[in-house]
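Engineer:
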Amino acid sequence: MTTEPVEEQFTNQIGDHDDIWSIVDNALLGIGVNRETGFMDVIVSIETDEIVQASRALRDDEDANFDYLRSLTAVDNMGDGMEVVYHLYSTTKKHNVTVKVFLSNESLRLPTVTDVWPAANWLEREVAEMFGIKFSGHPDPRNLLMPEEIDDTFPLRKDHPLAEIEVLQGEGMGYSGEEL
Amino acid sequence: MVEVLSQTSDQSAEFETQDLLLNVGPQHPSTHGVFRMVMTVDGEVVRDVIPYIGYLHRGAEKLCETMDFRQGIGFMDRTEYLAAFNAELSYVMAVEALADLEVPERAQWIRMILCELNRLSSHFMFLGAFGVDTGVFGTPFIYAWREREALIDLFEEVSGDRMMYAYFRPGGIAWDVPVNFVDRVREVLISATQGIDDFDSLLSENEIFLARTQGIGSISAERAIALGMSGPSLRASGVDMDIRRDEPYLKYDQVEWDVITGEHGDVFDRYYCRVMEMRESIKIINQCLEHLAPGPILPEKMPRMLRTPPGEVYLRTEAPRGEYGVYMVSRGGNRPYRCKVRSSCLSNLQALHELTVGEYMADAIVILGSIDIVLSEVDR
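Heads up: the protein sequence lines correspond to chains A and S, in order.
Note that numbering that gives the first Met the number 0 numbers the first sequence so that position 167 is 166, with each residue one more than the last.
Note that numbering that gives the first Met the number 0 numbers the second sequence so that position 257 is 256, with each residue one more than the last.
(1) Using 10 angstroms around the beta-carbon of S/Lys61, count the other beta-carbons present and answer buried if the total reaches 16, otherwise exposed.
(2) Any C-beta of chain A sitting closer than 9 Å to the C-beta of S/Glu322?
(3) Counting contacts by CB-CB distance shorter than 9 Å, is A/Ala127 in contact with chain S?
(4) Answer yes or no: does any C-beta atom of chain S fall closer than 9 Å to that of A/Asp66?
(5) Please list, in chain order, the chain S residues whose beta carbon lies closer than 7 Å to that of A/Asp48.
(6) Which runs of the alpha helix (DSSP H) fall wholly inside the region 221-263 of chain S and span at least 4 residues, in chain order?
(7) Rounded to whole angstroms, what is the Cα-Cα separation between S/Val274 and S/Thr30?
(8) Please list, in chain order, the chain S residues whose beta carbon lies closer than 9 Å to that of A/Trp20.
(9) Rank S/Val325, S/Ser229, S/Phe267, S/Leu100 by C-alpha distance to the C-alpha of S/Pro298 and give the top, closest one.
(10) Going by DSSP, what residues sit across from A/Ala73 in a beta bridge?
(11) Can you list, in chain order, the residues of its chain with a C-beta nearer than 6 Å to that of A/Thr1? Leave out the 5 residues immediately preceding and following it.
(12) Keeping to the same chain, check which residues put their C-beta closer than 8 Å to that of S/Val44; ignore five residues upstream and five downstream.
(13) Within the same chain, show all residues whose beta-carbon is closer than 7 Å to that of S/Tyr248, passing over the 5 residues directly before and after it, in chain order.
(14) Work out the CA separation of S/Ala318 and S/Met240 for me, nearest whole Å.
(15) Would you report the Cα separation of S/Val33 and S/Gly261, rounded to the nearest angstrom?
(16) Would you please verify whether the beta carbon of S/Val312 is less than 9 Å from any beta carbon of chain A?
(17) Using only CA atoms, which one of S/Glu353, S/Leu305, S/Lys339 lies nearest to S/Gly332?
(18) Going by the CB atoms, is the gap between S/Asp268 and S/Ser236 shorter than 9 Å?
(19) In the DSSP assignment, the beta strand (DSSP E) including S/Glu15 goes from what residue to what residue?
(20) What residue from S/Arg35, S/Val37, S/Asp41, S/Met36 has the CA that sits closest to S/Glu15's CA?
(21) With 7 Å as the C-beta to C-beta threshold (strictly closer), list the residues of the region 329-348 of chain S near chain A in chain order.
(22) Relative to the C-alpha of S/Leu348, which residue among S/Lys339, S/Lys250, S/Leu367 is closest?
(23) Measuring alpha carbon to alpha carbon, tell me which of S/Leu20, S/Pro103, S/Ser343 ends up nearest S/Glu168.
(24) Please tell me whether A/Asp75 has its Cβ less than 9 Å away from any Cβ of chain S.
(25) Can you tell me which of A/Val51, A/Val126, A/Val41 puts its alpha carbon nearest to the alpha carbon of A/Asp75?
(26) Is the Cβ of A/Asp17 closer than 9 Å to any Cβ of chain S?
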């Protein structure tokens with residue numbers, strides 16, 4: 000029986016990383032990026048104020064043509080701020096890229112990309128209510144999943160208690176990093 | 000007579016008309032779960048629609064962050080309860096990618112068979128419910144239910160549960176399938192093939208059904224892509240995108256099948272794409288059965304407590320309703336640091352406004368039915 004390691008399979012799937020890097024670099028010419036290679040997709044980090052410009056470049060560049068926003072979410076890094084993660088795909092060229100924006104806890108605010116990908120509308124609303132990140136210029140900044148009157152608690156932040164029992168019995172049920 | 004008519008219309012022009020706000024849901028059979036939309040209607044025509052979701056939000060992502068990798072499988076079942084095998088698959092494959100686990104051949108083929116069977120059962124559910132949406136209660140609904148029942152019985156024999164299977168594990172599957180599995184699958188496939196044919200002949204050429212579905216709720220390929228639609232709802236608009244073929248996972252690169260695309264992107268195409276897709280699923284399963292050989296179902300060296308090195312992966316698979324993705328971030332340890340579920344239904348539902356505005360009120364229900372939402376996947 001021969002089975003390839005999973006990671007190798009994925010590397011085969013997306014082809015050579017060099018190809019996609021040259022395409023992304025070309026599209027993002029003049030925009031400061033930080034490169035990283037993930038398990039399946041390549042990851043570029045972009046400055047907060049350049050995200051709309053970079054998004055447009057990635058979508059409109061002929062070789063890149065990232066016209067499909069797969070997913071948009073955020074990760075709470077506790078003391079180190081938060082990151083907003085965009086997973087992009089090209090329906091014509093069939094390649095992927097992950098775009099990241101790092102935010103400091105002092106300014107959890109970045110411009111919206113709904114003008115570039117209308118699909119970002121609900122996804123940004125979800126991130127906004129769950130993490131307390133403001134998307135300036137969003138056309139419809141209401142809560143998506145939570146009731147409208149809740150606007151000061153952000154459940155997916157790491158410091159948010161999981162359940163009442165955590166409030167009653169003290170912290171440490173969830174996120175201390177200790178193993179179960 | 001003509002004069003009288005024109006008088007009436009003149010008079011009516013002087014009447015002050017105002018739009019009517021109509022609330023649909025959250026508890027209503029036509030919304031397929033707890034989904035509420037507020038429609039602004041001008042006579043019979045929908046001018047605006049505001050969807051309200053979140054009634055089923057249980058915080059599955061947050062719960063996953065507090066449980067170890069194997070416990071998270073259960074939550075995935077509950078996000079997408081009509082195609083739970085597909086939902087589990089994305090999750091366990093994300094864990095496997097992070098932990099660098101090899102999945103034995105046999106487990107991969109079994110996973111593939113079960114996922115495609117789950118696609119069949121999920122689409123049967125859609126066909127039955129969609130018939131009711133268009134006003135044909137009765138025969139097609141019961142036909143679809145009968146076929147789905149046979150499939151679910153098979154899932155019960157394999158996993159012990161009819162809906163929340165929790166059968167896939169990081170690295171393979173929980174236990175091997177019953178000895179008569181292959182025979183049972185073949186048996187079910189014969190009845191399912193017959194079921195699809197019956198269904199096709201009952202609905203797809205029915206004149207009233209065609210009048211209710213053709214040319215309604217159309218969306219162009221560009222808009223469908225921009226709004227992030229996926230799965231059959233996207234392919235109905237003519238976009239040739241299927242993750243099973245474009246980024247093959249499991250063994251999809253070793254079987255032959257076709258990606259079904261529509262032309263008009265209307266309700267009928269979304270319906271018919273699913274019917275055709277079911278025939279393709281049967282093709283895939285038949286090929287899988289031939290590849291299925293005895294062998295291990297879990298890696299030889301499986302740690303008792305699964306830990307992954309730090310890293311992140313966005314793993315997407317083609318679930319019956321579209322792209323089901325799991326974005327998993329690990330910071331080391333035995334549980335995910337962040338586990339985001341990319342719901343195909345959420346993104347498809349976003350297009351509801353564009354699909355519905357300008358159509359008749361009665362068609363709004365048909366359009367909502369045609370994008371086939373599962374509210375627990377929308378809300379997670």
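Just so it is clear, CB atoms sit at the ideal spot from N, CA and C, and this is done for glycine as well.
Source: prediction; values computed, not measured.
Structural biologist: Based on what the coordinates show:
(1) Numbered from its first residue, the second sequence carries residue 61 of chain S at position 62. Buried, since its Cβ has 16 or more Cβ neighbours within 10 Å.
(2) To locate residue 322 of chain S, count along the second sequence from 1; it is residue 323. So yes, S/Glu322 belongs to the interface.
(3) Within the first sequence, the letter at position 128 stands for residue 127 of chain A. Judged by the 9 Å Cβ criterion, A/Ala127 is not in contact with chain S.
(4) In the first sequence, the residue the question calls residue 66 of chain A occupies position 67. Yes, its Cβ sits closer than 9 Å to a Cβ of chain S.
(5) Looking up residue 48 of chain A in the first sequence gives position 49. Correct list: empty, because the minimum Cβ distance to chain S is about 24 Å.
(6) Fully enclosed alpha helix (DSSP H) runs of 4 or longer: 231-234, 242-245.
(7) Here residue 274 of chain S refers to the residue found at position 275 of the second sequence. Here residue 30 of chain S refers to the residue found at position 31 of the second sequence. If I take the Cα positions, the gap works out to 22 Å.
(8) Locating residue 20 of chain A in the first sequence gives position 21, where the first residue counts as 1. Per Cβ cutoff of 9 Å: no residues; A/Trp20 is ~18 Å from chain S at best.
(9) The count along the second sequence starts at 1 and reaches residue 298 of chain S at position 299. Answer by Cα proximity: S/Leu100.
(10) The residue given as residue 73 of chain A occupies position 74 in the first sequence. For A/Ala73, which the question treats as bridged, DSSP gives the partners A/Val83.
(11) In the first sequence, the residue the question calls residue 1 of chain A occupies position 2. Residue placement at A/Thr1 cannot be trusted, given a pLDDT of 40 that sits under 50; what the coordinates show is reported in the next sentence. Correct list: empty, nothing qualifies.
(12) Locating residue 44 of chain S in the second sequence gives position 45, where the first residue counts as 1. Cβ neighbours of S/Val44 beyond the five flanking positions: Gly357, Glu358, Tyr359, Met360.
(13) The count along the second sequence starts at 1 and reaches residue 248 of chain S at position 249. Same-chain partners within the cutoff: Met92, Thr316.
(14) Residue 240 of chain S sits at position 241 when you count from the first residue of the second sequence. Residue 318 of chain S sits at position 319 when you count from the first residue of the second sequence. Taking C-alpha positions only, S/Met240 is separated from S/Ala318 by approximately 13 Å.
(15) Counted from its first residue, the second sequence places residue 33 of chain S at position 34. Counted from its first residue, the second sequence places residue 261 of chain S at position 262. Between the alpha carbons of S/Val33 and S/Gly261 lies a gap of roughly 30 Å.
(16) Taking the first residue of the second sequence as position 1, residue 312 of chain S is located at position 313. At least one chain A Cβ lies under 9 Å of S/Val312.
(17) Here the question's residue 332 of chain S lines up with position 333 in the second sequence. Nearest of S/Glu353, S/Leu305, S/Lys339 to S/Gly332, Cα basis: S/Leu305.
(18) In the second sequence, the residue the question calls residue 236 of chain S occupies position 237. In the second sequence, the residue the question calls residue 268 of chain S occupies position 269. Yes, Cβ-Cβ distance for S/Ser236 and S/Asp268 is below 9 Å.
(19) Start at 1 with the first residue of the second sequence, and residue 15 of chain S comes out as number 16. Counting along the chain, S/Glu15 falls outside any beta strand (DSSP E), and DSSP gives it neither H nor E.
(20) On the second sequence, position 16 is the one that residue 15 of chain S refers to. Among S/Arg35, S/Val37, S/Asp41, S/Met36, the Cα nearest to that of S/Glu15 is on S/Asp41.
(21) Residues passing the 7 Å Cβ filter: Gly332, Asn333, Arg337, Lys339, Arg341, Leu345, Ser346.
(22) Translated into the one-based positions of the second sequence, residue 348 of chain S becomes position 349. Minimum Cα distance to S/Leu348 is reached at S/Leu367.
(23) Numbered from its first residue, the second sequence carries residue 168 of chain S at position 169. A small correction: the amino acid at residue 168 of chain S is Arg; Glu does not occupy that position in the sequence shown. Nearest to S/Arg168 by C-alpha distance, out of S/Leu20, S/Pro103, S/Ser343, is S/Pro103.
(24) Taking the first residue of the first sequence as position 1, residue 75 of chain A is located at position 76. Closer than 9 Å: yes.
(25) The residue labelled residue 75 of chain A in the question sits at position 76 within the first sequence. Of A/Val51, A/Val126, A/Val41, the residue nearest in Cα terms is A/Val126.
(26) Here residue 17 of chain A refers to the residue found at position 18 of the first sequence. No, A/Asp17 lies away from the interface with chain S (no Cβ there is under 9 Å from its Cβ).
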